[in-house]
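Participant:
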Amino acid sequence: MDIFYENWWWMLFIAVIILWLKQRKNRPETVLREKQISIKGQKILTPISKDSPLECLLSEGKIYGPDYKDKHPPQLPHTEGCHCRLIDLLTRTDDIFYIKKRETSPLQNTDIGELDKKQARYYKYRLIIDKSGENPELKISYLELSDAIKIEKEFKLRVDDHLMNRNINQ
Ligand SMILES: [Zn+2]
Numbered sequence: 024m025d026i027f028y029e030n031w032w033w034m035l036f037i038a039v040i041i042l043w044l045k046q047r048k049n050r051p052e053t054v055l056r057e058k059q060i061s062i063k064g065q066k067i068l069t070p071i072s073k074d075s076p077l078e079c080l081l082s083e084g085k086i087y088g089p090d091y092k093d094k095h096p097p098q099l100p101h102t103e104g105c106h107c108r109l110i111d112l113l114t115r116t117d118d119i120f121y122i123k124k125r126e127t128s129p130l131q132n133t134d135i136g137e138l139d140k141k142q143a144r145y146y147k148y149r150l151i152i153d154k155s156g157e158n159p160e161l162k163i164s165y166l167e168l169s170d171a172i173k174i175e176k177e178f179k180l181r182v183d184d185h186l187m188n189r190n191i192n193q
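Counting in our numbering, the sequence shown runs from 24 upward without gaps.
Shown next as structure tokens:
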């Protein structure tokens with residue numbers, strides 16, 4: 024009889040633990056669902072390409088919103104030839120995670136093919152340098168930024184070739 028009672032108490036104890044864990048697991052989801060509708064900010068996506076205007080390349084990846092330095096996104100298109108678009112960043116944790124996952128996807132599409140994040144940044148800086156002819160200050164600051172990126176010599180040459188129209192794929 025004593026053994027039966029002991030087991031019964033153990034079963035009750037385990038059932039309570041299971042119920043408690045189940046409730047605990049469900050709670051954060053409800054909180055997230057309530058937050059789902061609110062927009063945290065907007066991010067500009069710009070094609071990294073020779074055809075993108077300087078203004079667009081300078082705003083590539085910029086985030087606008089109440090929690091950021093720049094509160095309001097600019098009117099799009101920026102200028103003639105602008106192919107920028109805005110995507111919403113949501114407060115719901117898993118949505119932010121989803122966007123982050125997309126951002127950190129290993130490769131980024133550009134007009135010289137798929138590049139990793141560092142290569143894409145380097146290429147963007149080189150495009151900005153190339154297009155900043157009438158703004159020497161901008162040119163110098165982006166020259167410094169691009170020099171600071173440690174990147175393979177072969178890739179630098181590939182960008183040089185592309186910018187000088189020597190690329191056979193063009
Ligand atoms: Zn634009």
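Think of the CB as a built atom: it goes at the ideal place given N, C-alpha and C, for glycine as much as any other residue.
Values in this document were obtained by computation on a predicted structure and should not be read as measured data.
Using only the alpha-carbon positions, how far apart do E175 and D134 sit?
Facilitator: Each residue's alpha carbon lies about 19 Å from the other.
Participant: What are the residues that DSSP puts in a beta bridge with E137?
Facilitator: Per DSSP, N132.
Participant: Below 8 Å on the Cβ atoms is my guess for K85 versus D93; work out the distance and round it to an integer in Å.
Facilitator: Confirmed, Cβ separation roughly 7 Å.
Participant: Applying the 10 Å Cβ sphere with the 16-neighbour rule, what's the burial state of G136?
Facilitator: With fewer than 16 other Cβ atoms within 10 Å, it is exposed.
Participant: At a cut-off of 7 Å, is H95 close to ligand 1 when judged by its beta-carbon and the heavy atoms of the ligand?
Facilitator: No, the beta carbon of H95 sits no closer than 7 Å to any heavy atom of ligand 1.
Participant: Would you say the region 34–46 touches the region 93–105, given that touching needs at least three Cβ pairs under 8 Å?
Facilitator: In short, these stretches do not touch, since the Cβ pair count stays below three.
Participant: If we call anything under 8 Å between Cβ atoms a contact, is L161 one with S169?
Facilitator: It is not a contact, given that the beta carbons lie outside the stated cut-off.
Participant: Over the uninterrupted beta strand (DSSP E) stretch that includes L113, give me the two end residues.
Facilitator: Looking at the DSSP string, the run of the beta strand (DSSP E) that includes L113 is 108–113.
Participant: Indicate whether I67 and K147 have their beta-carbon atoms separated by less than 8 Å.
Facilitator: No, they are not a contact pair.
Participant: Taking just the CA atoms, how far does L113 sit from N132?
Facilitator: For N132 and L113, the distance between alpha carbons rounds to 24 Å.
Participant: Alpha carbon to alpha carbon, what distance is there between D111 and K58?
Facilitator: Bear in mind that a pLDDT of 49 at K58, under 50, signals an unreliable position, so the number given afterwards is only what the model happens to contain. Cα-Cα distance, rounded: 14 Å.
Participant: Could you check whether D139 and L186 sit closer than 8 Å to each other, using their CB atoms as the reference points?
Facilitator: Contact: no.
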